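Residue numbers (our numbering): 135 to 241.
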C-alpha cells in the first residue's frame, strides 16, 4: 500500500510544474516538439500561416480522439481546397512545461 501512495505522491508532484494556459488568438508561426495523449511529436505543430491547426486523420485515429463533424472547406496557398471531415476541439497539447488547448481540423 505504501508503494501505491508513493506512486501517487510522485505523480502529483510532477503536475506542480505544469501550468495550464488559456487559449488566445493566433500565436504566429511556431514549430516545436509537443506531446499529445502521451505521444511525442518532434516537429509539430507547424503553422501553415493560416488561422486553423490541422491534424492528419490517421493520427486522430491512432490516438483515439473524438471528432465533431465539420462542414468546413479549407483553401490552401496553392489554390487547392479540401473539406475537413471533423474537428478535435480543445485538445490539450503539452509543450515543455505548458499545456495549451488547441482546436485541430482533421485532414
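Idealized CB from N, CA, C, for every residue including glycine. Note that the structure is a prediction, hence the values are computed from the model and not measured.
Beta-ladder partner(s) of residue i, from DSSP
i           : result
residue 169 : 174 and 228
residue 220 : 203 and 240
residue 186 : For residue 186, which the question treats as bridged, DSSP gives no partner whatsoever.
residue 233 : 154 and 228
Residue i in three-state terms, based on DSSP
i           : result
residue 213 : coil
residue 208 : strand
residue 157 : coil
Integer Cβ distance of residue i from residue j, believed to fall under 8 Å
i           : j           : result
residue 158 : residue 239 : Not really, about 19 Å apart at Cβ, beyond 8 Å.
residue 173 : residue 227 : About 11 Å; that fails the 8 Å criterion.
Same chain, Cβ closer than 6 Å to residue i, five either side skipped, listed in chain order
i           : result
residue 215 : 207 and 209
residue 236 : 187, 225 and 227
Nonlocal neighbours in the same chain, by C-beta distance under 7 Å from residue i, ignoring five residues either side
i           : result
residue 176 : 167
Next item on the list: Tell me, please, whether the segment 216 to 227 touches the segment 188 to 207 by the rule of three or more beta-carbon pairs shorter than 8 Å.
Entry: Yes, the segment 216 to 227 is in contact with the segment 188 to 207.
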